[in-house]
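For reference, the structure is listed below as structure tokens.
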Amino acid sequence: DAGITQSPRHKVTETGTPVTLRCHQTENHRYMYWYRQDPGHGLRLIHYSYGVKDTDKGEVSDGYSVSRSKTEDFLLTLESATSSQTSVYFCAIRSLGGTNTEAFFGQGTRLTVV
Amino acid sequence: GNSVTQMEGPVTLSEEAFLTINCTYTATGYPSLFWYVQYPGEGLQLLLKATKADDKGSNKGFEATYRKETTSFHLEKGSVQVSDSAVYFCALLEIDDKIIFGKGTRLHILP
Chain A
6 DAGITQSPRH KVTETGTPVT LRCHQTENHR YMYWYRQDPG HGLRLIHYSY
56 GVKDTDKGEV SDGYSVSRSK TEDFLLTLES ATSSQTSVYF CAIRSLGGTN
106 TEAFFGQGTR LTVV
Chain B
4 GNSVTQMEGP VTLSEEAFLT INCTYTATGY PSLFWYVQYP GEGLQLLLKA
54 TKADDKGSNK GFEATYRKET TSFHLEKGSV QVSDSAVYFC ALLEIDDKII
104 FGKGTRLHIL P
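Line by line, the protein sequences are chains A and B. Its first residue numbered 6, the first sequence is counted upward by one per residue in the numbering used here. Its first residue numbered 4, the second sequence is counted upward by one per residue in the numbering used here.
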């Protein structure tokens, strides 16, 4: 298994509260990604990072922010959680190597906003 | 923007049947293409990949060929097993390092 750990694995939170999800890797891979998975939508990219302090938005970035202060950690923050952010969140990592490198995924975090 | 379209599911087949899951894409340039599989309660695992036109990716009896002329990357398997029941995702890697996924196709294999 690729060395990628998401925490927490499950979380229930109340509307309006801040939430931070953590993705930790031991592979020293350059690229890290956050996706959300919802029925009927597949996986949608929230934010991704191409290096320490280098991040960019994906297709569903509104309401989310990210930080990457060191190679191994990529944090996803919901500043004020809403019920529409109830989802399963996946982190992925990918090594530098041009177009020949695939992404490896974590086990996911199931977030419920009540 | 770039996109991936794959056939709607669920797809239900009997064991030992032939499987095809269609995937087409729109992209600038020549992206790398992937098929991922997700088993219940788990993350995604890479099934196979192809990085240039006419490449054929293969793994565990599954195959897909990168067809530039039809912008397709259809997944095939000659004889499916119950253990192949899962959700399958087609994906592409863009030039700016984003990875774009299709919506997924749920596959049920009946014994």
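Where is the CB? At the ideal position from N, CA and C, for every residue including glycine. Small disclaimer: the values here were computed from a predicted structure and weren't measured.
- Not flagged as an interface residue toward chain B: residue 29 of chain A, since no C-beta distance is shorter than 8 Å.
- Residue 75 of chain B and residue 91 of chain A have their C-alpha atoms some 33 Å from each other.
- For the options B:32, B:82 and B:11, the alpha carbon positioned closest to that of residue 45 of chain A is the one of B:11.
- Using a CB distance cut-off of 8 Å, residue 107 of chain B counts as an interface residue toward chain A.
- Residues 19 of the same chain have their beta carbon placed closer than 6 Å to that of residue 82 of chain B, with the five preceding and five following residues left out of the count.
- Only 47, 48, 49, 52, 54 and 55 from the region 47 to 80 of chain B bring a Cβ to less than 9 Å from some Cβ of chain A.
- For residue 19 of chain B, no Cβ of chain A is located within less than 8 Å of the residue's own Cβ.
- At the C-beta level, residue 80 of chain A and residue 69 of chain A stay beyond 8 Å of one another.
- Counting only runs of 3 or more residues that sit fully inside the region 44 to 92 of chain B, the beta strand (DSSP E) segments are 47 to 53, 59 to 62, 65 to 68 and 78 to 80, in chain order.
- DSSP lists A:37 and A:60 as the beta-bridge partner residues of residue 54 of chain A.
- When the beta-carbon positions are compared, residue 112 of chain B and residue 78 of chain B stay at least 8 Å from each other.
- Within its own chain, the residues whose Cβ lies closer than 7 Å to the Cβ of residue 76 of chain A, once the five positions on either side in sequence are excluded, are 33 and 57, listed in chain order.
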